[in-house]
Amino acid sequence: MNEPARFQQKLGWIFLAIALNVVVIGTGALWMTAGPAGLQALVRPSNAWIWVAILATFAPAVASFYTAWLLRRRGLD
(Lines of atoms letter the chains of each structure in order from A and count residues from 1; the text may use other names and numbers.)
(Lines give C-alpha, C1' and ligand atoms only; values in the text may rest on other atoms or scores of the structure.)
Protein backbone atom coordinates (compact mmCIF):
# COMPACT_ATOMS: atom_id res chain seq x y z
CA MET A 1 0.00 0.00 0.00
CA ASN A 2 1.41 3.40 -0.91
CA GLU A 3 1.64 6.45 1.26
CA PRO A 4 -1.58 8.21 0.13
CA ALA A 5 -3.68 5.07 0.60
CA ARG A 6 -2.03 4.27 3.93
CA PHE A 7 -2.53 7.86 5.09
CA GLN A 8 -6.22 7.78 4.12
CA GLN A 9 -6.70 4.50 5.96
CA LYS A 10 -5.03 5.84 9.13
CA LEU A 11 -7.14 8.96 8.85
CA GLY A 12 -10.24 6.79 8.54
CA TRP A 13 -9.39 4.95 11.77
CA ILE A 14 -8.86 8.26 13.55
CA PHE A 15 -12.19 9.63 12.31
CA LEU A 16 -13.91 6.37 13.28
CA ALA A 17 -12.50 6.53 16.81
CA ILE A 18 -13.62 10.14 17.18
CA ALA A 19 -17.09 9.38 15.82
CA LEU A 20 -17.54 6.41 18.16
CA ASN A 21 -16.49 8.51 21.13
CA VAL A 22 -18.88 11.31 20.18
CA VAL A 23 -21.83 8.95 19.76
CA VAL A 24 -21.12 6.91 22.90
CA ILE A 25 -20.50 9.97 25.07
CA GLY A 26 -23.60 11.68 23.64
CA THR A 27 -25.75 8.63 24.30
CA GLY A 28 -24.35 8.34 27.82
CA ALA A 29 -25.04 12.01 28.50
CA LEU A 30 -28.58 11.57 27.22
CA TRP A 31 -29.02 8.59 29.54
CA MET A 32 -27.64 10.50 32.52
CA THR A 33 -29.88 13.53 32.00
CA ALA A 34 -33.13 12.01 30.76
CA GLY A 35 -32.88 8.35 31.70
CA PRO A 36 -34.77 5.71 29.74
CA ALA A 37 -37.08 8.35 28.27
CA GLY A 38 -34.08 9.95 26.58
CA LEU A 39 -33.08 6.72 24.90
CA GLN A 40 -36.67 6.08 23.87
CA ALA A 41 -36.60 9.47 22.16
CA LEU A 42 -33.81 8.17 19.90
CA VAL A 43 -36.08 5.60 18.28
CA ARG A 44 -39.04 7.89 17.66
CA PRO A 45 -39.54 8.62 13.95
CA SER A 46 -40.10 12.29 14.74
CA ASN A 47 -36.47 12.55 15.86
CA ALA A 48 -34.96 11.45 12.56
CA TRP A 49 -32.62 14.46 12.66
CA ILE A 50 -30.71 12.68 15.44
CA TRP A 51 -29.95 9.79 13.09
CA VAL A 52 -28.94 12.21 10.36
CA ALA A 53 -26.50 13.83 12.79
CA ILE A 54 -25.12 10.42 13.77
CA LEU A 55 -24.63 9.50 10.11
CA ALA A 56 -22.91 12.83 9.50
CA THR A 57 -20.56 12.05 12.39
CA PHE A 58 -19.42 8.84 10.69
CA ALA A 59 -19.24 10.33 7.17
CA PRO A 60 -15.55 11.42 7.30
CA ALA A 61 -14.46 7.93 8.39
CA VAL A 62 -16.44 6.26 5.60
CA ALA A 63 -15.07 8.75 3.07
CA SER A 64 -11.47 8.13 4.17
CA PHE A 65 -11.80 4.35 3.96
CA TYR A 66 -13.48 4.65 0.57
CA THR A 67 -10.72 6.95 -0.70
CA ALA A 68 -8.05 4.48 0.46
CA TRP A 69 -9.92 1.67 -1.28
CA LEU A 70 -10.15 3.69 -4.50
CA LEU A 71 -6.44 4.53 -4.39
CA ARG A 72 -5.56 0.86 -3.99
CA ARG A 73 -8.03 -0.17 -6.69
CA ARG A 74 -6.64 2.33 -9.19
CA GLY A 75 -3.20 0.86 -8.68
CA LEU A 76 -1.74 3.94 -7.09
CA ASP A 77 -0.17 1.89 -4.36
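Numbering of the sequence shown is given in my numbering, commencing with residue 1016 and proceeding in unit increments. By construction, the Cβ of each residue, glycine as well, lies at the ideal position given by its N, Cα and C atoms. Bear in mind the structure is a predicted one, so any value in this text is a computation, not a measurement.
What residue does the alpha helix (DSSP H) around residue i start on, and which one ends it?
{"i": "asparagine 1036", "result": "1018 to 1049"}
{"i": "valine 1077", "result": "1063 to 1088"}
Taking a contact to mean a Cβ-Cβ separation below 7 Å, would you say residue i touches residue j in this structure?
{"i": "alanine 1076", "j": "alanine 1034", "result": "yes"}
{"i": "isoleucine 1065", "j": "leucine 1054", "result": "no"}
For residue i, which residues in the same chain have their Cβ closer than 8 Å to its Cβ, ignoring the five residues on either side in sequence?
{"i": "glutamine 1024", "result": "Met1016, Ser1079, Phe1080, Ala1083"}
Could you pull out every residue in the same chain whose Cβ sits closer than 6 Å to the Cβ of residue i, ignoring the five residues on either side in sequence?
{"i": "leucine 1031", "result": "Ala1076"}
Quick check: the stretch 1083 to 1090 against the stretch 1037 to 1047, are at least 3 beta-carbon pairs closer than 8 Å? no
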